[in-house]
Amino acid sequence: MTSWQEYLRFVVTLTAVLDPFLAVPIFASVTAGERARDRLRLAYVITVTVFAVLAGAAFFGERLLRLLGTSLPAFQVGGGLVLLLMALAMLNAQAGEIRQTRAEARELKAREYSGVVPLAVPLLAGPGAISTTIIASQAGGFAHSAVLAACIALVCALLWVMLRLAHAITGRMGTTGLNIATRLLGLLLAAIAIQTMAEGLRILLPGLA
43 MTSWQEYLRF VVTLTAVLDP FLAVPIFASV TAGERARDRL RLAYVITVTV
93 FAVLAGAAFF GERLLRLLGT SLPAFQVGGG LVLLLMALAM LNAQAGEIRQ
143 TRAEARELKA REYSGVVPLA VPLLAGPGAI STTIIASQAG GFAHSAVLAA
193 CIALVCALLW VMLRLAHAIT GRMGTTGLNI ATRLLGLLLA AIAIQTMAEG
243 LRILLPGLA
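Take our numbering: the final residue in the sequence shown is number 251, and no numbers are missing along the way.
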């Protein structure tokens, strides 16, 4: 049975991966000049999409791995590497191309976007968040996945609040404050990524233990 500490670790990890402090200035920038009602609608669509993608990964990720013939330790190493690359970008206060490519960034600047693409996927619910959820879902059955979905809902609620208040948060914290918060989350994510890779390598290469 997974302890509450593991669920807490999942909440912290997922929060670091989604990095609301990185999403806030992007959201505030692309919605500048829009009516408050339209901003709220877009924040709602983004949050619901992120929850749907990650909850789907929690319930069906294990089946997908079995279908592909991929072992959990191998996925831990691969997923940990993705998280580490994201963490390195966050330490530079950047989104990084794993989270957002240059073409996707140009689409945002040109306002060629919907609430789903590329704001929700892959900017937020991208490879890092999906792999984090799939790795966490391996520990149990339906009840475990249901608790993970509740954890995802909690993180998404935080994301919704921050997107809803994006313009106020940007004005209060400024670019420097948001970058500091992103770097701190990046440092935390780097440690989690290395731990995830180590757990996978310990099983794949038992001689390392």
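Virtual Cβ for every residue (Gly too), placed ideally from N, Cα, C. Note that the coordinates shown come from a computational prediction; the quantities given were computed from them, not determined experimentally.
CB-CB length for residue i against residue j, believed under 8 Å
| i | j | result |
| --- | --- | --- |
| Gly121 | Ile177 | 6 Å |
| Val95 | Pro169 | With a Cβ gap of about 11 Å, Val95 and Pro169 do not count as contacting. |
| Leu127 | Ile140 | 5 Å |
| Leu230 | Ala65 | The Cβ separation is near 17 Å, so there is no contact. |
Coarse secondary structure for residue i, derived from DSSP in three states
| i | result |
| --- | --- |
| Asn134 | coil |
| Asp61 | coil |
| Gly182 | coil |
| Gln142 | coil |
| Ala210 | helix |
| Leu126 | helix |
| Gly216 | helix |
| Ser113 | coil |
| Met43 | The predicted position of Met43 is uncertain, since its pLDDT is 45 and thus under 50; no value can be drawn from it. |
| Thr89 | helix |
| Glu104 | helix |
| Arg77 | coil |
| Ala167 | coil |
| Leu190 | helix |
Residue j beta carbon less than 8 Å from that of residue i
| i | j | result |
| --- | --- | --- |
| Gln136 | Pro160 | no |
| Ile245 | Pro67 | no |
| Thr174 | Leu190 | no |
| Thr91 | Ala167 | yes |
| Leu201 | Pro62 | yes |
| Gly103 | Ser45 | no |
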